[in-house]
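Chains as they are written, first to last, in this note's numbering: chain A, 1013 to 1346; chain B, 314 to 721; chain C, 558 to 851; chain D, 3 to 242.
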C-alpha cells in the first residue's frame, strides 16, 4: 500500500501545480497552447488505451472527435440543448460509432485494421461534406460567442483551461484504472499475441471492444470541448486524417502503453507545432520540412517513445536534475 | 518513476518559459505592426502566397514614401494552412505579438476561424480576399472586407447571362440551361449555392449542380453528366488542379458548352493557360480584376505591375495579389488618418472612408456597410481567355474587348 | 451511350490507378510496410519528368527511362537509409517514419520548386480516338497499355527469373527465405528499387495527363493503398485488376450516384472487401487472418 | 472420467491430419501422447483447446460437450494449454505474463499478483519475475508457458513438448514440477518425444501415427508393442 500513497502524494503535487498555472501564466497565447496541450493529451491518452495498450493501431479516431463536436453543436444550434447534455450525447454517439466500426474491423490484424479505420474516417468525412442540410457541409458550424455557464462558452481562457484540465484528469484516471486492472493486462496480452491471449481465457473481441468504447467515448467528449473552445469548425478540421495521425504520434512519441506517455508526448509535440508554425517566415515550407524530419528521427531512434528512455536515465543524473527544477520554477513566476 | 515525473514537470515549465521569452517582441514605438494571416504552405500555398505578396508590396510602397508620420509599417506574418492553424496563429498574433489589426487570408475557412479569435479579443480583422458571405453575415463589430463576397459573384453570373449571353445566343433568358460544377470546400460550395439561389430567383433554369472532392483526380463522371445535361452555360467554381482536369477531360470526352464561366480559384492563372493551351480560349473567368483591363478605370495598376516584376522577377500569377494590394492600400490610407493601430478608431475611420469606382488600382469603389463591414462598391468582373491572354470583357466600363460567344 | 463511355473512362482511369499501385504492391508485398510517402515518390517522378521536359525539351515518354533510373536510385536510398534501420520495429514506427518522410518531401518541393502547377504541352496530349460517339484519349490509352505490359513483365520477371523467385520467397516467408540463403537485405533493396522505378514509369506516363504540384501525392496515396489491398497484397495481377475495379467504381458511381460521393463509394467497397476477404480478391487465397504485417 | 475425446477428426483440404481419434482421461491421471513428427499430436491439442474447429467427432469435459467452442470459453471451463512453439508475451515482464493467466479466476489485481508469484515460485521463475518475456532463455520460456497455463487454475493441463530443447539437467528440474501438478489435483495430458520422461511420468500412453490412434496402454505395454516400434523405427528394424 505504501507504494500507492507515495505515488499519490506526488500526483497531488502535479495536480496543484497544474491548478495554479493559470495564475502564473497570463498571456492568452500560452493558455491557448496549454488548453490544446491538455486536449491533445486527453485524446492521445484515449487513443493509447486502444493503440498503446491493445496494440490496435487506429488512424480513424478523428471519426469520434468529429462526431462529438458535431453532435453537441448541432443539438445546441438546432434544439438549444445545452452542451453539458451535448457531452453525454457526444459520448453516446461516439461509443455507438466505436462499436459499429470496431465490430467488423477487430477481426483484422495489423495494418489491415489501420487501413480499415482510415477508410471509415474518409467515408464519414465525405458523407459529412455531402449531407449539407444536416451538417451545413463545408460551410462549417459557427457557434455564436454568447458566454454563459449553461451554454458552456467562457469569456476567460482560464475557465476553458480548467475544463480541459478536468477532462484530462478524468482521462488520466481512466487510463490509470485500465493500467492497474485486468483490462490493462488483458489488452497488453492481446497486443503481444492474440492467439496465446485467447487460450488464457481472454475474450479478445470483448476486451478490444471495451478499449474501443472507452477510447471513442473520451475522444467524443474531447470533441465537444474543441467545438466549445474554437466556436467554429468544418468537416476538414474535425474529420481529418492528419488529426488521427497527430494524436497517434503524440502517444507514440510519449510512450505507447504507458499512463503518462501521452501527456509527455503532448507536452513536446503541441508546443513544437506552435513554435514551428511561426518560425522561418522567410521560407514557406521550411517549418513543416523540419517537422517531417523531426518526426522521422524521433520515431526511428526511439521506437518505444520517450518514456522508456527517461526511465533508463541513471539515478545519479536524475538527482542533479532535482536541483535544477527548483531553480527553474522561480523564473516562471514573472 | 517519481523522480521522472519531477523531470517531466520541469520539461513542461521550461517549454513554457521558452514561449514566454518572445513576450517583449510587440509594441516598439517606431513601427506600426499589422498581422498578416495567409496559407503559405500546404494545399492553398499557391494563391495564399500570391495574395500575401499584394499586401507586402503595398506596405513596401508606403514605407519607401516615408511610412506613416515617419513610422515604418511592419507586416507580422502568420502561416495558417487550415482553420485550426488560423485559430492558433491569430491567437499568437493577438496575444503574443500584441497585434491590434490583422489582414488576411485568401481562404474562407481561415478567415472565419481567425476573425472569430480577433472578434473575441476586439482586434480588427480586415479581409482582403476570402469570398464566403458568412464572414460578414455574422455582423461582427471588428470585421471588415474590401473584396466582393460570393453573392456578388453570383450577381455577376446572373447579370452576365441576362445582359450578354441571352442576346449573343439569341435565346430568351428563361430557355437558357445553366449547369454548375464546384469543388466541395467552402469556396466552391458558397459561390455555387449563391449562384443557384439567385439564378432560380431570376427564373433561370439550373439543370444540374455537381459538387466533387477538391482533391479528386478524375472528373470524367462530372463531364459525362454535363454532356447529358447539354447546358448553354456552365458555371465552374474550382481550384487549379480540378480546373485543368475539367478543361482537359471536357475536350477528351467531347463536351462543348457555348459559355464556360470559370472562377478565380483556378481559371485565372498563367499555370492554367500553360496546362491547357488553346483549350483555354473562349473560357470566361468571373474574378477579381486581371491585368489586361481598361487602365483608365484602374489607376495605379501599372505601378503595381512594375513593383511586382521588380520584386519577384515574374508577372503576377493571378489577380489575387492586385486585389490584396488595393485592399492593403485602403487599410494604410485609413491607418495614416488614424495614426496608430487602434481597432475602434480604425473601424470608425474605415466606415467614413469613401472612394469612387475607377479611382483605385482594381477599379473598385470603397464604401463599407456599417452593419457588416462589407465594401459594397467592390465587384468581380468578367474576363475571357482570348488567344492565350486573359482580357477583361465585362462590364463595359472596364472591358477592353467584346465578350466572344460563338453558338457552335 | 454515356454508360459505355463511362465504362471506357473508368477503365482508362483504372489503368492509371494500377500503374501507380503496382510499385506499392511490390513494396507492401515484399518489405511489408505501409509507405505513406508513396504519393511523394510519384510527385518527385513527375517533377523530374517535367525538369527533363523544361530544360532539355524531352517528351515525357522519351525521358521515361531516365526518370525510372532516378526513381530506382531514390528507392534504394530510401530503403537503405530510412527503412532498413527500422525493419524490426513495430508497424507503428514504419507508418510514422514514412509519414515524416512524406511531410518532409512535400515541403521540400514547396520550398525549392514553389507551389506553382507545372504541366507539359505535347502534340498528342489532347488527341482522341473517336469510335462513333465514344472518345478515348491517347495519353490515357498509352498509360493503360503500359499498365498491362508492366503487369505482364512483372509477372514474368517474378515467375521466371531467379531474382523474381527470390523476391516472391521473401514476400511469402522472410525467415524461410533467409534460411535458404536468400540475401533478404539485397532483395529488400531490389524490391524497393523496382517498386520506386515503377512509380517513376507511372510519373512519366501521368505527366501529359496531370500537372504536378507539391501536394499532388496526397490525392493518390490513399487510392494506391485501396487498390493494392483490394487486389490482393503481393499478387502480381492483383494491383492491376484492383486498379481497374477502383477506376470503374469511381466513374460509375459518379454518373449513377453522385459526383460528390464517388470517393466515398470506393472507400466503402474497400472496407467491405477488407472484412470479407482481407487477403484481397486475387491473392493466392492465403489464410485471411494471418496475412498480418506484424 | 474428466475428459472424453470421441471420433475426433480434422481435415485440412485433402490432408486428414487427425482421423477419428478417441480416448478418455481420468481425473488426476497423467496421459502421455507420443508419435513421430507430423503425426497430428499438436493438431489434436488445438482441437481440444478450441484453437482449431473440429471437422467431426466430439470432446466432452466434465460431462459437458465443449467441441469447437471458443478457446477462451474452454479455458474458463478449466482446460489450460502450453504451445509447442513457445508464445510468451514478449514485451511485458514474466510476472505480468503469469498475471494475465491468473486473472482468469482472480477477481482483483492484488489477488492475481499474489497467485502469480506463487506459481512463479512453483516453476522456479520467481527470481526472474521482472525480466521482459523476450529476454528469457528457451528453458525459462518453456517454464513460463507452464506457469501461464497453470495460473488459469485449470482442472486439465495440456503440455505440448515442454521438455523439447532442454538439456538433461533442465529436464530433471522440470520432472518434479510436473509430478507436483498432479499432487495439486490437476489432470495432465503431455506430448513428449523424450521417452525417459514419458515412461517415468505417465500413467497411460496413447500413440498417434498418421493422425490415427494405433495403440493405448501402460508405458510397459507400449514399450514392446509391435505397431509402435514399426511406426517409430520403420519396417526393417522391427523384423530384426
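Ideal placement from N, C-alpha and C gives every residue a C-beta, glycine not left out.
Computed from a prediction, not measured in an experiment: that's the story for all the values here.
Residue i: contacting residues in chain C (beta-carbon distance under 9 Å)
{"i": "residue 1257 of chain A", "result": "593, 652, 653, 656"}
Where residue i meets chain A, residues with beta-carbon distance less than 7 Å
{"i": "residue 73 of chain D", "result": "1210, 1211"}
{"i": "residue 400 of chain B", "result": "1242"}
Alpha carbon of residue i to alpha carbon of residue j, nearest angstrom
{"i": "residue 380 of chain B", "j": "residue 653 of chain B", "result": "12 Å"}
{"i": "residue 1345 of chain A", "j": "residue 1036 of chain A", "result": "Any reading at residue 1345 of chain A is ruled out, since the residue's pLDDT is 36, under 50, leaving its predicted position unreliable."}
{"i": "residue 659 of chain B", "j": "residue 684 of chain B", "result": "15 Å"}
{"i": "residue 703 of chain C", "j": "residue 756 of chain C", "result": "12 Å"}
{"i": "residue 799 of chain C", "j": "residue 572 of chain C", "result": "10 Å"}
{"i": "residue 656 of chain B", "j": "residue 414 of chain B", "result": "6 Å"}
{"i": "residue 571 of chain B", "j": "residue 482 of chain B", "result": "8 Å"}
{"i": "residue 1207 of chain A", "j": "residue 587 of chain C", "result": "25 Å"}
{"i": "residue 490 of chain B", "j": "residue 601 of chain B", "result": "26 Å"}
{"i": "residue 561 of chain C", "j": "residue 597 of chain C", "result": "34 Å"}
{"i": "residue 743 of chain C", "j": "residue 606 of chain C", "result": "28 Å"}
{"i": "residue 639 of chain B", "j": "residue 502 of chain B", "result": "26 Å"}
{"i": "residue 692 of chain B", "j": "residue 439 of chain B", "result": "17 Å"}
{"i": "residue 337 of chain B", "j": "residue 1286 of chain A", "result": "Residue placement at residue 337 of chain B is flagged as unreliable, the pLDDT there being 41, under the threshold of 50; the coordinate-derived value follows with that caveat. For residue 337 of chain B and residue 1286 of chain A, the distance between alpha carbons rounds to 18 Å."}
{"i": "residue 99 of chain D", "j": "residue 183 of chain D", "result": "20 Å"}
{"i": "residue 580 of chain C", "j": "residue 636 of chain C", "result": "14 Å"}
{"i": "residue 569 of chain C", "j": "residue 805 of chain C", "result": "9 Å"}
{"i": "residue 1093 of chain A", "j": "residue 464 of chain B", "result": "32 Å"}
Per-residue contacts from residue i into chain D (C-beta, under 9 Å)
{"i": "residue 1198 of chain A", "result": "102, 105"}
Nearest to residue i (by Cα), restricted to the options the options
{"i": "residue 135 of chain D", "options": "D:141, D:116, D:92", "result": "D:92"}
{"i": "residue 404 of chain B", "options": "A:1080, A:1099, A:1047, A:1051", "result": "A:1047"}
{"i": "residue 1264 of chain A", "options": "C:668, C:648, C:580, C:577", "result": "C:648"}
{"i": "residue 623 of chain C", "options": "C:747, C:610, C:572", "result": "C:610"}
{"i": "residue 568 of chain B", "options": "C:804, C:740, C:690, C:776", "result": "C:690"}
{"i": "residue 65 of chain D", "options": "D:128, D:29, D:231", "result": "D:29"}
{"i": "residue 1058 of chain A", "options": "A:1323, A:1275, A:1280", "result": "A:1275"}
{"i": "residue 359 of chain B", "options": "C:811, C:666, C:577", "result": "C:666"}
Interface partners of residue i on chain A, CB under 9 Å
{"i": "residue 92 of chain D", "result": "1204, 1205"}
{"i": "residue 243 of chain D", "result": "It is not possible to answer for residue 243 of chain D, since the shown part of chain D is limited to 3 through 242."}
{"i": "residue 145 of chain D", "result": "Here the premise fails: no neighbours, minimum Cβ distance about 15 Å."}
Terminal residues of the beta strand (DSSP E) in which residue i lies
{"i": "residue 604 of chain B", "result": "No beta strand (DSSP E) holds residue 604 of chain B; DSSP gives it neither H nor E."}
{"i": "residue 348 of chain B", "result": "344-351"}
{"i": "residue 12 of chain D", "result": "5-14"}
{"i": "residue 388 of chain B", "result": "385-392"}
{"i": "residue 496 of chain B", "result": "490-496"}
Extent of the continuous alpha helix (DSSP H) to which residue i belongs
{"i": "residue 612 of chain C", "result": "595-613"}
{"i": "residue 1240 of chain A", "result": "1216-1242"}
{"i": "residue 422 of chain B", "result": "421-433"}
{"i": "residue 18 of chain D", "result": "Not the alpha helix (DSSP H): residue 18 of chain D falls in the beta strand (DSSP E), residues 17-27."}
{"i": "residue 376 of chain B", "result": "358-377"}
Beta-carbon neighbours of residue i, restricted to chain C and to distances below 7 Å
{"i": "residue 1128 of chain A", "result": "828, 831"}
{"i": "residue 1116 of chain A", "result": "832"}
Neighbour list for residue i in chain D, Cβ cutoff strictly below 7 Å
{"i": "residue 1214 of chain A", "result": "74"}
{"i": "residue 1193 of chain A", "result": "111"}
{"i": "residue 1201 of chain A", "result": "91, 102"}
Chain B residues whose Cβ lies nearer than 8 Å to that of residue i
{"i": "residue 1040 of chain A", "result": "404, 407, 408, 434"}
Chain C residues whose Cβ lies nearer than 8 Å to that of residue i
{"i": "residue 1135 of chain A", "result": "821, 824, 825, 828"}
Next on the checklist: If we require 4 or more residues per run, which alpha helix (DSSP H) segments fall completely within the segment 513-569 of chain B?
Outcome noted: Those alpha helix (DSSP H) runs which fall completely within the segment 513-569 of chain B and span 4+ residues are 533-542, 553-565.
Checklist entry - Whole alpha helix (DSSP H) runs in the segment 558-593 of chain C with 4 or more residues, listed along the chain? => result You should have 559-587.
Next on the checklist: Which runs of the alpha helix (DSSP H) at least 4 residues long sit entirely within the segment 89-168 of chain D? Give them in chain order.
Outcome noted: For the segment 89-168 of chain D, whole alpha helix (DSSP H) runs of length 4 or above, ordered along the chain, are 96-104, 111-125, 140-153.
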